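Below you'll find the structure, written out as structure tokens, and then a few comments.
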Amino acid sequence: MFELTPRLVFAIIFVTGLAALMYWDRKNVERHFILFYRRTDKGLEFIDRVANRFPRFWKVYGAAGVVVGLLSLVLITGLTGYIFMDMFTNQAIDDGFAVVLPGLETPETGTGMSEPTSGAIFVPIEYWVIAIGLLMFVHEMSHAVVARTEGFEINSVGWIVLGILPGAFVEPKGENMLPGGEAQDTESHTIWEGGDWKSRLKVLCAGSWANYLTAGILLVALMGVTTAISDIATEQTEFINYEAEEGYPAYEAGMTEGELYSINGENISTEQELRDVLSIEPGDQVTLETSEGTFTLEAVEREGFEGGYIGIRFTDTVWKESYEPYQGAAQWFTSLLFVVAMLNLFIGMFNMLPIKPLDGGLSVETFIVEFLGEDKVTYLNKFSLAGWALILGTIILSLLGF
3 MFELTPRLVF
13 AIIFVTGLAA
23 LMYWDRKNVE
33 RHFILFYRRT
43 DKGLEFIDRV
53 ANRFPRFWKV
63 YGAAGVVVGL
73 LSLVLITGLT
83 GYIFMDMFTN
93 QAIDDGFAVV
103 LPGLETPETG
113 TGMSEPTSGA
123 IFVPIEYWVI
133 AIGLLMFVHE
143 MSHAVVARTE
153 GFEINSVGWI
163 VLGILPGAFV
173 EPKGENMLPG
183 GEAQDTESHT
193 IWEGGDWKSR
203 LKVLCAGSWA
213 NYLTAGILLV
223 ALMGVTTAIS
233 DIATEQTEFI
243 NYEAEEGYPA
253 YEAGMTEGEL
263 YSINGENIST
273 EQELRDVLSI
283 EPGDQVTLET
293 SEGTFTLEAV
303 EREGFEGGYI
313 GIRFTDTVWK
323 ESYEPYQGAA
333 QWFTSLLFVV
343 AMLNLFIGMF
353 NMLPIKPLDG
363 GLSVETFIVE
373 FLGEDKVTYL
383 NKFSLAGWAL
393 ILGTIILSLL
403 GF
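Residue numbering for the sequence shown follows this note's numbering, starting at 3 and increasing by one per position.
Structure below.
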């Protein structure tokens with residue numbers, strides 16, 4: 003039976019709102035096949051204010067981004083090569099790249115992300131929307147601020163939708179990253195032509211660098227939140243240890259030694275509570291709940307002992323921690339932090355693959371143009387086409403169940 007869950011309601015509102023926004027702004031939205039985008043100059047003044055506030059910081063930030071970005075380019079290239087070698091060796095298409103899609107169910111993994119199967123990883127749709135929104139903002143904002151710090155002019159910013167997949171962009175002055183709009187002043191193989199190759203590298207690496215930093219901040223926050231919740235959910239409880247004496251009811255019932263929890267349904271955690279409930283006579287039935295299990299005994303007489311005797315000797319008291327796993331809003335929030343952090347990390351690294359038009363491919367193009375000449379860019383273009391064919395081909399085959 004069809005069930006209208008809160009998550010499904012959110013999905014309907016999100017898709018409807020996105021469609022309504024595009025229709026309302028349709029005069030300014032450009033379309034090419036399934037590609038929709040909207041250029042605007044709104045926000046450029048804010049970008050300039052951010053860039054001009056701490057120029058020295060952004061210079062260091064941009065340089066650090068180049069170091070981290072190029073290291074991650076090498077890392078993701080090697081990892082991708084290993085993935086494809088292993089995939090073809092074992093003839094397992096599912097072991098390749100996977101597309102992250104919004105879902106209407108909470109994955110049973112406990113992390114908020116499903117296991118990668120059939121070319122897809124599913125996350126709850128609200129996680130996906132929040133993650134993509136934050137990811138795009140920090141990525142493009144980082145590109146823009148570093149670009150202005152390095153003296154590049156920005157023509158426009160905007161949003162983009164490919165099919166139903168949202169995105170964002172920052173477009174440099176005098177260049178076309180998307181169809182239509184301002185024509186290029188000169189023919190060139192590259193974008194961000196307004197500065198030297200070092201400045202261009204800073205701009206290109208800044209996007210993924212921001213995603214890595216965001217992932218790190220969120221993972222630190224996740225550890226702090228998890229620790230705080232664990233402290234709240236963890237309680238210290240006092241238990242009484244016992245030993246059973248041979249020849250008496252407790253031992254004969256199978257008890258040896260352990261922790262006592264209750265007597266006749268009364269919880270026991272202190273010696274005073276123990277004394278309060280131990281008023282028994284010979285022949286009385288006594289039920290003990292212990293770490294060894296639950297036992298029902300009949301008290302007996304013992305010479306020199308007043309009252310009924312069951313044959314257990316109490317040794318000491320100990321403190322133990324008991325932990326109740328957190329659920330509900332706390333679990334939702336910690337899973338959200340994890341998913342957003344992981345998507346920033348994974349997509350940031352994917353963006354540094356050495357294939358165009360990803361930032362990693364444009365970074366490699368920068369080196370080629372600077373040290374080998376623009377005519378050699380054609381080899382990178384062919385490599386990029388082959389790379390995309392391999393990545394998208396394996397994902398599609400996996401989605402189709404091959």
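The C-beta atom is built at its ideal place from N, Cα and C for all residues, glycine as well.
Keep in mind it's a predicted model, so treat the numbers as computed, not measured.
Neighbour-count burial assignment, residue i, 16 or more Cβ in a 10 Å radius
i: G374; result: First, the residue type needs correcting, since residue 374 is Leu and not Gly in the sequence shown. Burial call: exposed.
i: W211; result: buried
i: V163; result: buried
i: K44; result: exposed
i: G306; result: exposed
i: I119; result: According to the sequence provided, residue 119 is Thr. The question's Ile does not apply to it. T119 comes out exposed.
i: E303; result: exposed
i: F348; result: buried
i: P104; result: buried
i: V148; result: buried
i: K200; result: exposed
i: Y129; result: buried
i: N92; result: exposed
i: D361; result: buried
i: G98; result: buried
i: E142; result: buried
i: V76; result: exposed
i: V69; result: exposed
i: P284; result: exposed
i: F241; result: buried
i: V222; result: exposed
i: V371; result: buried
i: W1; result: This structure does not reach residue 1, given that the chain is present from 3 up to 404, and the question cannot be answered.
i: M87; result: exposed
i: L137; result: buried
i: G403; result: exposed
Residue i (DSSP reduced to helix, strand or coil)
i: T336; result: helix
i: S232; result: helix
i: E245; result: strand
i: W194; result: coil
i: N353; result: coil
i: Y250; result: coil
i: P476; result: No answer is possible for residue 476: it lies beyond the span of the chain, which begins at 3 and ends at 404.
i: I397; result: helix
i: D43; result: coil
i: E367; result: helix
i: F171; result: strand
i: S158; result: strand
i: G260; result: strand
i: E142; result: helix
i: L37; result: strand
i: D361; result: helix
i: D318; result: strand
i: L164; result: strand
i: N213; result: helix
i: N30; result: coil
i: N383; result: helix
i: I270; result: coil
Expected contact under 8 angstroms - CB spacing of residue i and residue j to nearest Å
i: L151; j: P57; result: Here residue 151 turns out to be Thr, not Leu, going by the sequence shown. With 8 angstroms as the limit, T151 and P57 qualify as a contact, their Cβ atoms being about 6 angstroms apart.
i: S232; j: E261; result: Not quite, the Cβ-Cβ distance comes to about 23 angstroms (not below 8 angstroms), so this is no contact.
i: M354; j: I134; result: About 18 angstroms; that fails the 8 angstroms criterion.
i: I282; j: G310; result: 4 angstroms
i: T42; j: S158; result: 6 angstroms
i: Q287; j: E268; result: Rounded, the Cβ-Cβ distance is 14 angstroms, inconsistent with contact.
i: V341; j: G114; result: 4 angstroms
i: E254; j: I314; result: With 8 angstroms as the limit, E254 and I314 do not qualify as a contact, their Cβ atoms being about 12 angstroms apart.
i: A208; j: G67; result: 5 angstroms
i: A24; j: V31; result: Inspection of the sequence shows that residue 24 is occupied by Met rather than by Ala. Correct: roughly 6 angstroms between the Cβ atoms.
i: G389; j: I357; result: 4 angstroms
i: V101; j: I397; result: 6 angstroms
i: L10; j: L106; result: 6 angstroms
Do the stretch 379-389 and the stretch 160-174 make contact, defined as three or more Cβ pairs closer than 8 angstroms? Short answer: they don't touch.
Item to check | Every unbroken alpha helix (DSSP H) within the stretch 45-132, with a cutoff of 4 residues, ordered by chain | outcome: Correct list: 46-55, 57-92.
- Item | Touch test, the stretch 334-350 against the stretch 221-230, Cβ-Cβ under 8 angstroms, three pairs minimum | Judged by Cβ distances under 8 angstroms, the stretch 334-350 makes contact with the stretch 221-230, as three or more pairs qualify.
Inter-stretch contact (C-beta, 8 angstroms, three-pair minimum) for the stretch 61-73 and the stretch 194-210 = Taking a cut-off of 8 angstroms on C-beta distances, the stretch 61-73 touches the stretch 194-210, as three or more cross pairs fall below it.
Inset, instruction - Enumerate, from N- to C-terminal direction, the unbroken beta strand (DSSP E) stretches of 3 or more residues contained entirely within the stretch 274-315. - result: Fully enclosed beta strand (DSSP E) runs of 3 or longer: 287-292, 295-300, 302-304, 307-311.
Within 8 angstroms, do at least three Cβ pairs link the stretch 27-39 to the stretch 115-129?
The stretch 115-129, when compared against the stretch 27-39, does not touch it at the 8 angstroms Cβ threshold.
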